[in-house]
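J.: Before anything else, here's the structure in question.
Numbering (the numbering used here), first residue to last: 100 to 238.
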């Protein structure tokens, strides 16, 4: 039996915008994803918490943005974590919650080009598949 394919859209979502929604829907359709889970960041290492909106506000705004698409879901998994949140830890937690699932991490090419700066990026690359999309405003 084949595994269920689930997309992961992680981000600060401050604010969430149509680009995020288009990227998620494009990925869902072109990679036959069962659903896409949006995961607003908890305490990311690359952002100053004083310069981003509260977790609750970003969660609520993301919920409002995705609630008309039945294939989009929202998770507070990173917001529930204490301390700095890293993608690899989130993926490992998701793999424990969801068995028989292949995760597809959806991100822009600008983020992927900096993946070598992510915590345990070599291990992360082995844990999930990546859908890397070129942003229209980038070279």
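Glycine is no exception: its CB is placed at the ideal position from the N, C-alpha and C atoms.
In this text, all values refer to a predicted model and were calculated from it rather than measured experimentally.
Report the CB separation of residue 134 from residue 185 in whole angstroms; it is logged as a contact under 8 Å.
T.: Contact doesn't hold; Cβ gap of about 23 Å is too wide.
J.: Could you tell me if the beta carbon of residue 156 falls within a distance shorter than 7 Å of some heavy atom in the ligand MG?
T.: In terms of ligand content, the structure shown is empty, and the ligand MG therefore cannot be addressed.
J.: Of all the options 131, 130, 144, 172, which has the alpha carbon lying nearest to the alpha carbon of residue 111?
T.: When only C-alpha atoms are compared, the closest one is 144.
J.: From the DSSP output, read off the bridge partner residues of residue 203.
T.: DSSP, once it has assigned bridges, lists 106, 228 as partnering residue 203.
J.: Give me the Cβ distance between residue 201 and residue 221, rounded to the nearest whole Å; I'm assuming they're in contact under 8 Å.
T.: No, residue 201 and residue 221 are not in contact; Cβ-Cβ is about 19 Å, not under 8 Å.
J.: Could you compute how far the alpha carbon of residue 107 sits from the alpha carbon of residue 150?
T.: Taking the straight line joining both Cα atoms gives about 24 Å.
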